[in-house]
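Peer 1:
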Amino acid sequence: MEFFLEVLVGGLLAGVMYSMVAIGFVLIYKASGVFNFAQGSMVLFGALTYVSLVERQVNPVLAFGVTLAALVLIAVLIGRLVLRPLVNRPPIVLFMATLGLSFILEGAAQLFWGAQVHGLALGIDDKPLNLAGIMISQFDIFAAATAGALVLALSLLTRRMRLGLSLRAVADDPLAALAVGVRLPRVWAIVWALAGFVSLVAGLLWGARLGVQFSLSLVVLKALPVLIIGGFSSIGGAIVGGLLIGAPEKLAEVYVGTLLGGGIENWFPYLLAMLFLLARPAGLFGEPAVERV
Amino acid sequence: MTRSTHALLSLDHISLSFKGVKAITDISFNVQAGEICALIGPNGAGKSSLLNVINGVYRPQRGSVRFDGNAYRRMNPYHAAHSGIARTFQNIALFRRMSVLDNVLTGRNLHRRSTWLEQTLRVGRARGDETAQRRYAEVVIDALDLQRFRHTAVGTLPYGVQKRVELARALAAEPRLLLLDEPMAGMNADEKRAMAGYVLDANRQFGVTVVLIEHDIGVVMDLSDHVVVLDYGKKIADGAPADIRGNPDVLAAYLGTRH
Numbered sequence: 001m002e003f004f005l006e007v008l009v010g011g012l013l014a015g016v017m018y019s020m021v022a023i024g025f026v027l028i029y030k031a032s033g034v035f036n037f038a039q040g041s042m043v044l045f046g047a048l049t050y051v052s053l054v055e056r057q058v059n060p061v062l063a064f065g066v067t068l069a070a071l072v073l074i075a076v077l078i079g080r081l082v083l084r085p086l087v088n089r090p091p092i093v094l095f096m097a098t099l100g101l102s103f104i105l106e107g108a109a110q111l112f113w114g115a116q117v118h119g120l121a122l123g124i125d126d127k128p129l130n131l132a133g134i135m136i137s138q139f140d141i142f143a144a145a146t147a148g149a150l151v152l153a154l155s156l157l158t159r160r161m162r163l164g165l166s167l168r169a170v171a172d173d174p175l176a177a178l179a180v181g182v183r184l185p186r187v188w189a190i191v192w193a194l195a196g197f198v199s200l201v202a203g204l205l206w207g208a209r210l211g212v213q214f215s216l217s218l219v220v221l222k223a224l225p226v227l228i229i230g231g232f233s234s235i236g237g238a239i240v241g242g243l244l245i246g247a248p249e250k251l252a253e254v255y256v257g258t259l260l261g262g263g264i265e266n267w268f269p270y271l272l273a274m275l276f277l278l279a280r281p282a283g284l285f286g287e288p289a290v291e292r293v
Numbered sequence: 001m002t003r004s005t006h007a008l009l010s011l012d013h014i015s016l017s018f019k020g021v022k023a024i025t026d027i028s029f030n031v032q033a034g035e036i037c038a039l040i041g042p043n044g045a046g047k048s049s050l051l052n053v054i055n056g057v058y059r060p061q062r063g064s065v066r067f068d069g070n071a072y073r074r075m076n077p078y079h080a081a082h083s084g085i086a087r088t089f090q091n092i093a094l095f096r097r098m099s100v101l102d103n104v105l106t107g108r109n110l111h112r113r114s115t116w117l118e119q120t121l122r123v124g125r126a127r128g129d130e131t132a133q134r135r136y137a138e139v140v141i142d143a144l145d146l147q148r149f150r151h152t153a154v155g156t157l158p159y160g161v162q163k164r165v166e167l168a169r170a171l172a173a174e175p176r177l178l179l180l181d182e183p184m185a186g187m188n189a190d191e192k193r194a195m196a197g198y199v200l201d202a203n204r205q206f207g208v209t210v211v212l213i214e215h216d217i218g219v220v221m222d223l224s225d226h227v228v229v230l231d232y233g234k235k236i237a238d239g240a241p242a243d244i245r246g247n248p249d250v251l252a253a254y255l256g257t258r259h
């Protein structure tokens, strides 16, 4: 029983790490109705910039600030150079633009900081902690707490503020939003900057786990099943989706994996996501498509 | 309502072309505060383009627009909204996945006084602000008889109701000038009559000056105080409905005896 609980809690906490990446997608999807392919590159760019600055003896807090400033600048540039010229184009056009963007960001990161693997220490040990007889990684708890704080702040920001209403308005119809007086460039900049901030936090946590390297941009693939289960347009959904992926993934690995020769946690989330797509295409908390026929 | 005599909106020698194709040629006219002004003319006469010039979607190559005493050549929809110009679109541009109430509330956006921090933490002006916006939204919803659709997603409503929601969203902004691009398009006679009633209410109850585009001449003549007729991007008539009715140029444009 204790072992089961350890695996369950470990899985839930690992799921929170997936949620962190997924939230970045949700923010941008909410405000532009587009799946941002460049999210992974933003995660990589943030982590790589931070780690390179710290390796050059920059104070970690300052390094975090500088990296964040760079991501905000990128957000503003994306609004001006990519989103504005493409306003009112079909979502697929925007999606292709984010695909291009991901290569630009990865290229820029490589150009500035090189392609080596960097170790990243955040000062939190990955040692297990004994909580009521269950061993839980200290780092996982830290990551979960960070994610919790982030989600709380973001949902307050988007639910209570008029920004929330503006976000949905902009995603629904940018030109109509402009006509009711929504400041389109500002909403874009805010949302992409927030997504940049989330990707930086996710990049640091994942970077501390896996090392900061180019494969970091691939963690976004794990965010996909999370989004499918939680829904693309709900921050809370991203968290629930993460938990619903993390726990079954680890449990399946431990209890079913042995029967199938192991390694099933790599594809099990996608199987879950496919089952969800059949049953509930909009996800648990997503907005179902509204169409009058 | 007493009608003041100064022009709320004046267009001064506006010309607009797209890559050499002339959409509007040298159009000038005034809209008095408090009146309902109709723009009529055959398809392609430049009516929608003119509306787009007024609210800053298009920038005219020549001429200027004067709204409430301020002349401008460069305007964008955002500034237009802020200076008190609201509009509806020919092809309904509502936020389809949002409820009627939320759509109307987006119209209140400009009237919120609290900052984002106050809103997030629900302190200071945020609370009173929220209630005030909500209350005004309800006033508009009542005025346009949208009460029973309040929480319905707009995308699921019938076409005629959607047109009304769009009018509600525009009115919620408490505009001084309301631009309506074919508010009655695709409606049957009953629906048109009802919509005309709502436009009149907007004009009288809310004191909004209205510029509208409409094809149904019967509706236009009953509803408006002032009619401007466009044909091939030029103004061919401008006056009270009674004067327009007998104007030979207007008859020619509509019946197609010339050109």
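So the sequence lines, in the order shown, correspond to chains A and B.
Per my numbering, the first sequence starts with residue 1, numbered consecutively.
Per my numbering, the second sequence starts with residue 1, numbered consecutively.
No residue lacks a Cβ here, since even glycine has one placed at the ideal position from N, Cα and C.
Bear in mind that the values here come from a model prediction, so they are computed numbers and not experimental data.
According to DSSP, simplified to helix, strand and coil, what is residue 99(B)?
Peer 2: Three-state result, residue 99(B): strand.
Peer 1: Specify the secondary structure class of residue 72(B) as computed by DSSP and reduced to three states.
Peer 2: Strand, per DSSP.
Peer 1: Residue 19(A) and residue 239(A) look like a contact to me (Cβ under 8 Å); what is the Cβ gap, rounded to whole Å?
Peer 2: Going by Cβ atoms, the distance from residue 19(A) to residue 239(A) rounds to 5 Å, so yes, they are a contact pair.
Peer 1: Please determine if the region 17-31 of chain A and the region 253-267 of chain A are in contact, where contact requires at least 3 C-beta pairs separated by less than 8 Å.
Peer 2: No, the region 17-31 of chain A does not touch the region 253-267 of chain A.
Peer 1: State yes or no: is the C-beta of residue 169(A) within less than 7 Å of the C-beta of residue 106(B)?
Peer 2: A contact, by the Cβ cut-off of 7 Å.
Peer 1: Could you tell me whether the Cβ atoms of residue 110(A) and residue 220(A) are closer together than 7 Å?
Peer 2: No, these two residues do not count as a Cβ contact at 7 Å.
Peer 1: Rounding to the nearest angstrom, what Cα-Cα distance links residue 35(B) and residue 227(A) in this structure?
Peer 2: Near 52 Å, if we compare the C-alpha coordinates of residue 227(A) and residue 35(B).
Peer 1: Suppose only complete runs of 3+ residues qualify. What are the beta strand (DSSP E) ranges in the region 174-217 of chain B, listed by chain order?
Peer 2: Here the runs fully enclosed are 177-181 and 209-213.
Peer 1: Give every residue of the same chain whose Cβ lies closer than 7 Å to the Cβ of residue 249(B), excluding the five residues on either side of it in the sequence, and list them in chain order.
Peer 2: For residue 249(B), where only same-chain residues beyond five positions count, the Cβ hits under 7 Å are 236 and 237.
Peer 1: In terms of residues, what are the limits of the beta strand (DSSP E) holding residue 239(B)?
Peer 2: Per DSSP, residue 239(B) belongs to the beta strand (DSSP E) from 234-239.
Peer 1: Under a CB-based cut-off of 7 Å, is residue 63(B) close to chain A?
Peer 2: Chain A, which has no Cβ nearer than 7 Å to the Cβ of residue 63(B), makes this no.
Peer 1: Does the region 155-165 of chain B come close enough to the region 191-198 of chain B to have 3 or more Cβ pairs within less than 8 Å?
Peer 2: Touching, yes, given that three or more Cβ pairs across the two stretches are closer than 8 Å.
Peer 1: Of all the CB atoms in chain B, is at least one closer than 7 Å to the CB of residue 209(A)?
Peer 2: Answer no: the Cβ-Cβ gap between residue 209(A) and chain B never drops below 7 Å.
Peer 1: Is there at least one Cβ from chain A nearer than 7 Å to residue 109(B)'s Cβ?
Peer 2: Closer than 7 Å: yes.
Peer 1: Could you pull out every residue in the same chain whose Cβ sits closer than 7 Å to the Cβ of residue 258(B), ignoring the five residues on either side in sequence?
Peer 2: Only weak support exists for where residue 258(B) lies, its pLDDT of 47 falling under 50; the coordinates are left without a value.
Peer 1: Should residue 274(A) be labelled buried (16 or more other beta-carbon atoms within 10 Å of its own) or exposed?
Peer 2: It is exposed - the Cβ of residue 274(A) has fewer than 16 other Cβ atoms within 10 Å.
Peer 1: Using a 10 Å radius around the Cβ and a threshold of 16 neighbouring Cβ atoms, would you call residue 149(A) buried or exposed?
Peer 2: Residue 149(A) should be labelled exposed.
Peer 1: Anything in the region 71-83 of chain B with a Cβ closer than 7 Å to a Cβ of chain A? List those residues in chain order, please.
Peer 2: The region 71-83 of chain B vs chain A, Cβ under 7 Å: 77, 78, 81 and 82.
Peer 1: Should residue 8(B) and residue 31(B) be called a contact, given that it needs their Cβ atoms to be closer than 7 Å?
Peer 2: Yes.
Peer 1: List the residues of chain B that residue 168(A) touches, going by C-beta distances under 9 Å, in chain order.
Peer 2: Neighbours of residue 168(A) on chain B, chain order: 95, 97, 98, 102 and 106.
Peer 1: Beta strand (DSSP E) containing residue 129(A): first to last residue?
Peer 2: Where residue 129(A) is concerned, the enclosing beta strand (DSSP E) stretches over 128-131.
Peer 1: Taking all protein chains shown into account, decide if residue 3(B) is buried (16 or more other Cβ within 10 angstroms of its Cβ) or exposed.
Peer 2: Any reading at residue 3(B) must be qualified, since the residue scores a pLDDT of 43, below 50, and its modelled position is unreliable; the value itself is stated next. That one is exposed.
Peer 1: Do the region 3-11 of chain A and the region 59-73 of chain A meet, that is, are 3 or more Cβ pairs less than 8 Å apart?
Peer 2: Segments in contact, no.
Peer 1: Would you check if there are 3 or more beta carbon pairs closer than 8 Å linking the region 11-28 of chain B to the region 57-74 of chain B?
Peer 2: Because the criterion of three Cβ pairs below 8 Å is met, the region 11-28 of chain B and the region 57-74 of chain B touch.
Peer 1: Since residue 82(A) contacts residue 101(A) with CB under 8 Å, what's their CB separation in whole angstroms?
Peer 2: That pair is a contact at about 7 Å.
Peer 1: For the beta strand (DSSP E) containing residue 118(A), list its first residue and its last residue.
Peer 2: Note, residue 118(A): premise wrong, no beta strand (DSSP E); not H, not E.
Peer 1: By the criterion of Cβ-Cβ separation under 9 Å, what are the contact partners of residue 107(A) in chain B?
Peer 2: Correct list: empty, because the minimum Cβ distance to chain B is about 34 Å.
Peer 1: Assuming residue 17(A) is part of the alpha helix (DSSP H), what are its boundary residues?
Peer 2: Its alpha helix (DSSP H) spans residues 2-32.
Peer 1: If you count every other CB in all the chains shown that lies within 10 Å of the CB of residue 51(A), and 16 or more means buried, which is it?
Peer 2: That one is buried.
Peer 1: Evaluate the contact criterion for the region 81-89 of chain B versus the region 167-186 of chain B: three or more CB pairs, one atom per stretch, below 8 Å.
Peer 2: Judged by Cβ distances under 8 Å, the region 81-89 of chain B makes contact with the region 167-186 of chain B, as three or more pairs qualify.
Peer 1: Which residues in chain A have a C-beta closer than 9 Å to the C-beta of residue 173(B)? List them in chain order.
Peer 2: Within chain A, the residues near residue 173(B) are 180 and 181.
Peer 1: Which of helix, strand or coil does DSSP assign to residue 65(B)?
Peer 2: Correct three-state label for residue 65(B): strand.
Peer 1: Using a Cβ cut-off of 7 Å (strictly closer), state whether residue 87(B) contacts chain A.
Peer 2: For residue 87(B), the answer is yes, since a Cβ of chain A falls inside 7 Å of its Cβ.
Peer 1: Can you find the residues in the same chain that come closer than 7 Å, C-beta to C-beta, to residue 249(A), ignoring five residues on each side of it along the sequence?
Peer 2: Excluding residues within five positions, the ones whose Cβ falls inside 7 Å are 11, 265, 268 and 269.
Peer 1: Is there at least one Cβ from chain B nearer than 7 Å to residue 165(A)'s Cβ?
Peer 2: Yes, residue 165(A) lies at the interface with chain B (some Cβ there is under 7 Å from its Cβ).
Peer 1: Alpha carbon to alpha carbon, what distance is there between residue 280(A) and residue 32(A)?
Peer 2: Distance between the alpha carbons of residue 32(A) and residue 280(A): 22 Å.
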